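**Student:**
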Amino acid sequence: MAAAEPVPTPDLLARMEAVAVELAAIGGREILATLGSRLAVQYKGDDDAIALLRDPVSEVDSRVEAMIRRHLADHFPDHGIIGEEMAVQPGLDSDFVWAVDPIDGTSNFINGFPLFASSVGVLYRGVPVAGALWCSTSHLLTPGIYHCGGGAGLRFEGEQVSCMPNPAVRKRLAGDPHGQSGAGPWDGRKTGSAAIECAFVAAGLLQVARFATPNIWDVAGGIALARASGSSVFQKDDREWTSFVSFGEQLAQMAQWRHPLILGTPEDAAHMIDIQHADDRD
16 MAAAEPVPTP
26 DLLARMEAVA
36 VELAAIGGRE
46 ILATLGSRLA
56 VQYKGDDDAI
66 ALLRDPVSEV
76 DSRVEAMIRR
86 HLADHFPDHG
96 IIGEEMAVQP
106 GLDSDFVWAV
116 DPIDGTSNFI
126 NGFPLFASSV
136 GVLYRGVPVA
146 GALWCSTSHL
156 LTPGIYHCGG
166 GAGLRFEGEQ
176 VSCMPNPAVR
186 KRLAGDPHGQ
196 SGAGPWDGRK
206 TGSAAIECAF
216 VAAGLLQVAR
226 FATPNIWDVA
236 GGIALARASG
246 SSVFQKDDRE
256 WTSFVSFGEQ
266 LAQMAQWRHP
276 LILGTPEDAA
286 HMIDIQHADD
296 RD
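Here this note's numbering = 1-based position in the sequence shown + 15.
(1) CB M31 to CB F111, shorter than 9 Å?
(2) Can you check the stretch 197-224 for any beta strand (DSSP E) of at least 3 residues that lies completely inside it and give the ranges in chain order?
(3) Could you spell out the range, first to last residue, of the alpha helix (DSSP H) harbouring V75?
(4) Report yes if the C-beta distance between G279 and S258 is below 9 Å; otherwise report no.
(5) Q250 lies in the beta strand (DSSP E); which residues open and close that run?
(6) Kindly confirm or deny that the stretch 217-224 and the stretch 120-137 touch, where touching means at least three C-beta pairs closer than 8 Å.
(7) Cutting at 8 Å between CB atoms, please list the residues of its own chain near Q80, excluding the five before and the five after it.
(8) Give a yes or no on whether the C-beta atoms belonging to D93 and I211 are separated by under 9 Å.
(9) DSSP beta-bridge partners for L188?
(10) Between which two residues does the alpha helix (DSSP H) carrying L13 extend?
(11) Kindly indicate which residue of A183, R204, S151 has the alpha-carbon position closest to the one of D191.
(12) Which complete beta strand (DSSP E) runs does the stretch 95-141 hold, if anything under 3 residues is left out?
(13) If you follow the beta strand (DSSP E) that W272 is in, where does it begin and where does it stop?
(14) If you pair each beta-carbon of the stretch 148-159 with each one of the stretch 179-186, do three or more pairs fall below 8 Å?
(15) How would you label P281, buried or exposed, when you count the other beta carbons within 10 angstroms and need 16 or more for buried?
(16) Could you name the residues that DSSP lists as bridge partners for S258?
(17) Just mark D283 as buried or exposed, buried being the case when its beta carbon has 16 or more other beta carbons within 10 Å.
(18) G146 and A235 - do their beta-carbons sit closer together than 9 Å?
(19) Between which residues of its own chain and K186 is the CB-CB distance below 8 Å, once the five residues before and five after are set aside?
(20) Counting only the same chain and skipping the five closest in sequence on each side, list residues whose C-beta sits under 7 Å from that of P105.
See the structure below:
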């Protein structure tokens, strides 16, 4: 293993955040440059009738991930990489792993539905410590990058993000895999992008979000953002919801991580867990 800093110091975190922003910007630029183009699209489950229509990958996904990997190698060549489109790449310094989703919300993207993101998360021994998400829209109704990691909390395009809910609004929004609304305290929304929903929780646009079985690249950057904003994060192990700690320390363990996840304000996350417990008992 190459010599590594024993802990991610503030200076190192700031450097990694800056590089994460550069990587997310690569994704954003490529996405914007191809809007309206006829894209080559394949499906990962072409040999599986059930998955035949479910898991698309565009030429932009693959191109962006390759660009991100090259750029990252210029700055942190010893760090590992887990990406959605390419093989896991171990690093000489196994303490640091970057989880990358070049386009989260590919189905939205290839159909021109304007909710998608390019997500970058930095893990130290499996714990998200920095993140950058280029999002197709934001709390300012413009595309841009939510980011964190250097100790200044959640920022959007370098500016601090402050969440100030309107007390006159009686029912806030929740990200839900089924987009369900009902008698609960939220109206449910399904965006088609886990990364977008994580960013929107962090920015206060969603009070809480629940994910059924996300992959690490879907949520690593978003968990970093959520924590930087003061949100709580919980994962489900077997039948128990516990505070999220890490994706595991081994690269293979991280790549295989898939657990139900809840992110939200402390109060709303706790309420969502209570609802899940009640559903489990039914």
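A virtual CB, placed ideally from N, CA and C, is assigned to each residue, including glycine. Computed from a predicted structure; not experimentally measured.
**Tutor:** The structure says:
(1) yes
(2) Segments of the beta strand (DSSP E) lying fully in the stretch 197-224: 201-204.
(3) First-last of the alpha helix (DSSP H) with V75: 74-90.
(4) no
(5) Run containing Q250: 247-252, per the beta strand (DSSP E) assignment.
(6) no
(7) The residue you asked about is not Gln; residue 80 is Glu in the sequence shown. The residues are G98, E99, E100, M101, V115, P117.
(8) Not a contact, by the Cβ cut-off of 9 Å.
(9) D202
(10) There is simply no residue 13 to check, as the chain begins at 16 and stops at 297 in what is shown.
(11) If we check each option's Cα against that of D191, R204 comes out closest.
(12) Listed in chain order, the complete beta strand (DSSP E) runs (minimum 3 residues) inside the stretch 95-141 are 108-119, 132-139.
(13) Careful: W272 lies outside any beta strand (DSSP E) and carries neither H nor E.
(14) no
(15) exposed
(16) Residue pairing from DSSP places S258 in a beta bridge opposite F249.
(17) Buried, by the Cβ-count rule.
(18) Going by C-beta atoms, A235 is nearer than 9 Å to G146.
(19) Setting aside the 5 residues that flank it on each side, K186 is surrounded in the same chain by P200, W201, D202, each with a C-beta closer than 8 Å to its C-beta; the list follows chain order.
(20) G95, L266
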